[in-house]
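Written below as structure tokens is the structure these notes are about.
In the working numbering, the protein residues as written are 6 to 333.
Have a look at this one:
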């Protein structure tokens, strides 16, 4: 099962780069990081949904190259991360996906499917076409702190008027919506207003985590996404997998099985690891501290009754089916 190719539905590679990591070299200390182009090349991961992650600064004393103080700075912050991916493509280290999502041929470079996490770098509906021309294929309106478009999981409000207008423009452009960091009200507004595909690239079950926290999907919201044909990506951050202590493989499997039960099938759950997304590998589940070990998830799912076809679906096929037709 270690040779099954993977699509990882959430990897913050560009933000790691602007924060100072050399993503063109192997991570020297496996306790401090596991995401770089060579690390992914040494793993079964062939495609990543590479994020452009930005967020509003909480205060003026919070220096971070991914944070912004105003809308103008938000766009600059997003463009800096876009340039990281475009530079990888220019140098032959990766390929930005502008067409139908599919696995690369053996020996071809890593494929990056662009996902924006926090939409403030988009100036408004009229700016969507430009971003799409540069490869943007998925957008999460907000991170936890909220944006001008939507309340995040640390907020109580839903979509703003600007947010509803942006949703319509994203739908018209065929850009997929990522609901992962939406507040409950934002997610409900998105479900009501969007006509396009809605997924949750890196979200786990609120029922299993046992906390009434908007960062996790309620069963009702998960069903709503699944009923529309969306996919939910398993987040591997320990604190997203279990309430206390270090997550185990079985904890991960339980989230997958829970969403499969809600869906009534095994074709709408996949991986969105969020590895190195603001935390180090010791906060990944035991045995999954590096992308080269993600195949262990398939052993656990096989023991839970998944067929070979269903295992391939979890590894890559479910994302491909969900996003079929979302091409240039």
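Note that beta-carbon positions come from the ideal geometry of N, C-alpha and C, so glycine has one too.
Model, not experiment: these values are computed from the prediction.
If you ignore the 5 residues before and after residue 149, its C-beta comes within less than 6 angstroms of the C-beta of 157, 158, 159, 186, all in its own chain and listed in chain order. For a cut-off of 8 angstroms, the C-beta gap from residue 322 to residue 13 is around 14 angstroms, too long to register as a contact. Secondary structure note for residue 264: its alpha helix (DSSP H) is the uninterrupted segment 254–268. Contact between residue 59 and residue 125 holds, with the beta-carbon distance rounding to 6 angstroms and staying under 8 angstroms.
Counting the other Cβ atoms within 10 Å of the Cβ of residue 313 gives fewer than 16, which makes it exposed.
Remark: three or more beta-carbon pairs, one from each stretch, lie closer than 8 angstroms, so the stretch 114–125 and the stretch 83–100 are flagged as touching.
In chain order, 181, 182, 233, 234, 235, 327, 328, 331 place their CB closer than 8 angstroms to the CB of residue 202, counting only its own chain and leaving out the 5 sequence neighbours on each side. Under the DSSP assignment, residue 150 falls outside any alpha helix (DSSP H); it carries neither an H nor an E label. For the pair residue 23 and residue 57, the Cα-to-Cα distance works out to about 11 angstroms.
Non-local C-beta neighbours of residue 172 in its own chain, meaning closer than 6 angstroms and more than five positions away in sequence, comprise 198, 199, ordered along the chain. Around the CB of residue 252, 16 or more other CB atoms lie within 10 Å, so the residue is classed as buried. Here residue 28 is not near residue 280, since their CB atoms are 7 angstroms or more apart.
Counting only the Cα atoms, residue 192 lies some 11 angstroms from residue 204. For residue 90, the secondary structure class from DSSP, reduced to helix, strand or coil, is helix. By the neighbour-count criterion, in which a residue is buried when 16 or more other Cβ atoms sit within 10 angstroms of its Cβ, residue 273 is buried.
Taking the Cβ atoms as the reference, residue 145 lies roughly 15 angstroms from residue 163, outside the contact range of under 8 angstroms. The C-beta distance from residue 264 to residue 227 rounds to 6 angstroms, short enough to fall under 8 angstroms. Exclusion of the five residues before and after residue 36 leaves 285, 286, 287 as the residues of its chain whose Cβ lies within less than 7 angstroms of its Cβ.
Counting only residues of its own chain and dropping the five nearest sequence neighbours on each side, residue 305 has a CB closer than 6 angstroms to the CB of 254, 258. Residue pairing by DSSP places residue 56 opposite 120 in a beta bridge. Distance from residue 10 to residue 307 at the Cβ level is roughly 17 angstroms; contact not present, criterion being Cβ atoms closer than 8 angstroms. Under the 10 Å beta carbon count, residue 245 is surrounded by 16 or more other beta carbons and is classified as buried. Residue 183 is bridged by DSSP to 204. The distance from the Cβ of residue 15 to that of residue 206 is about 4 angstroms, consistent with a contact at the 8 angstroms cut-off. For residue 134, the uninterrupted alpha helix (DSSP H) run begins and ends at 133–138, by DSSP.
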